[in-house]
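Asker: Could you have a look at this structure, given as C-alpha cells, before my questions?
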C-alpha cells in the first residue's frame with residue numbers, strides 16, 4: 129500500500145529511541161513487500177494475543193499506555209523508500225517484488241502499528257548512496273551468507289510494545305538489538321557535519337550567515353558531569369547559543385582551528401573564558417545537542433521537517449540524509465567519518 133501523496137515522511141517531527149542491530153538473517157529469500165506482509169500478519173496476531181504454536185501470546189494488560197489507546201486496528205510492514213520516492217504511487221505493482229537491498233531508493237523497513245487513538249512506528253535503516261557518499265561507508269546491505277544489514281533501528285513505542293517488537297525481530301531474524309548510546313564526540317561531530325553540509329560550498333559570506341540562521345537557528349548544548357562520589361546537585365548545565373550569534377561563533381572557530389570543528393573550538397574558548405569550565409576535561413560530557421534542524425542525545429533523535437520551500441537537493445535535505453548515514457555508520461560499529 130503506497131502512502132498518500134503529500135503525507136509527511138515518517139522520519140520527521142517525531143522523537144525516536146535509537147537502537148543498533150546486528151545483521152538480520154533472512155536466508156535465500158530477499159525481504160520484499162510480499163513477505164513483509166506475512167510478518168505484519170504474524171506480528172498482529174502476537175499483539176492481538178492470538179495463540180501461537182499452542183501458546184497464548186500477547187502484550188497483556190499491564191501497560192497503562194496501551195490500555196488507553198483503544199483497539200488494535202492495523203499492522204503494516206513495508207519497504208521504506210527514500211524521501212524522493214515516498215509519495216509516488218505504485219501503479220505497476222512491481223514494488224511488491226523489489227527487495228530491501230535491491231534498489232538504492234530503498235532505505236530499509238517501515239513498521240506501523242495503528243490503534244484507535246494512537247499510531248506507533250519502527251524504522252529499520254541502512255545507509256544510502258545519495259550525495260556522493262563514500263561507498264565504504266554505505267557498504268552492501270546484503271551479505272552473501274543470507275544476512276541483511278539494517279544497523280540502525282528507530283522506535284516510537286511504549287515500553288511493552290517496543291519489547292515485544294524487538295523480541296520478534298530477534299527471534300525471527302536471529303539478530304541482536306541493543307540501545308545505541310552516542311558519545312559526546314558523536315553528538316558534536318554530527319552537529320559540525322550537519323552545519324557544514326547544510327551550506328553550499330560556493331556560497332558567499334552573507335549567504336552562509338543567512339543559511340545558518342535559517343536552518344540551524346539557535347543551539348542548545350546539555351553538558352553533564354561524571355563525578356563519582358560527588359554532589360548530585362549539579363547534574364547538567366544548559367548552554368544556549370542565539371541564532372544571531374552562531375555565524376560569528378563559527379567564523380571565530382574557523383580562525384582557531386582547521387580540523388573541521390569550528391563550533392566546538394569557539395565554544396570551548398568561550399566557556400573556558402567566562403565559566404572557567406574545560407569542556408575537554410574527561411569528566412565533562414556533552415549529553416545532548418539541539419538546534420532548529422534536529423535534537424540528538426540521551427539515546428534519542430528528532431529530525432525537523434525542512435520548510436515547504438526547500439528543494440530535496442537543498443542543503444538541509446542533504447545534511448539530514450548524511451546525518452542519518454552517519455548514525456547508521458555508528459550503529460554498525462564505525463564512528464563518524466568511518467573511524468574505527
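Numbering (this note's numbering), first residue to last: 129 to 468.
Beta carbons are placed, not taken as given, at the ideal position from N, Cα and C, and that holds for glycine.
1. Would you mind giving the Cβ-Cβ distance between residue 420 and residue 343, rounded to the nearest angstrom? I have them listed as a contact below 8 Å.
2. Taking only three categories from DSSP, how would you classify residue 84?
3. According to the Cβ coordinates, are residue 140 and residue 201 closer than 8 Å?
4. Report buried or exposed for residue 408, applying the criterion of at least 16 other Cβ atoms within 10 angstroms of its Cβ.
5. Considering only their Cβ atoms, is the gap separating residue 281 from residue 138 smaller than 8 Å?
6. Here's a check: name, in chain order, each residue in its chain whose Cβ is nearer than 8 Å to the Cβ of residue 392, leaving out the five neighbours to either side.
7. One question on the structure: do residue 149 and residue 457 come within less than 8 Å of each other, judged by their Cβ atoms?
8. Counting only runs of 3+ residues fully inside the region 270 to 346, write out the beta strand (DSSP E) ranges in chain order.
9. Look at the alpha carbon of residue 448 and the alpha carbon of residue 431, and state the distance between them as a whole number of angstroms.
10. What is the DSSP secondary structure of residue 254, counted as helix, strand or coil?
11. Are there 16 or more other CB atoms within 10 angstroms of the CB of residue 334, so buried, or fewer, so exposed?
12. What does a CB cutoff of less than 7 Å around residue 397 pick up in its chain, not counting 5 residues either side in sequence?
13. In the DSSP output, what is residue 352 paired with across the bridge?
14. Rank 204, 313, 197, 324 by C-alpha distance to the C-alpha of residue 388 and give the top, closest one.
15. Using 10 angstroms around the beta-carbon of residue 402, count the other beta-carbons present and answer buried if the total reaches 16, otherwise exposed.
16. Return yes when the Cβ of residue 425 is within less than 8 Å of the Cβ of residue 415, no when it is not.
17. Beta carbon of residue 205, beta carbon of residue 176: below 8 Å?
18. May I ask you to report which of helix, strand or coil DSSP gives residue 260?
Answerer: For this structure:
1. 7 Å
2. Since the first and last residues shown for the chain are 129 and 468, residue 84 lies out of range.
3. no
4. exposed
5. no
6. 316, 320, 381, 407
7. no
8. 280 to 284, 305 to 307
9. 8 Å
10. coil
11. exposed
12. 384
13. 364, 413
14. 324
15. exposed
16. yes
17. no
18. Below a pLDDT of 50, predicted positions are generally treated as unreliable, and residue 260, at 46, falls in that range; no measurement from the model is reported.
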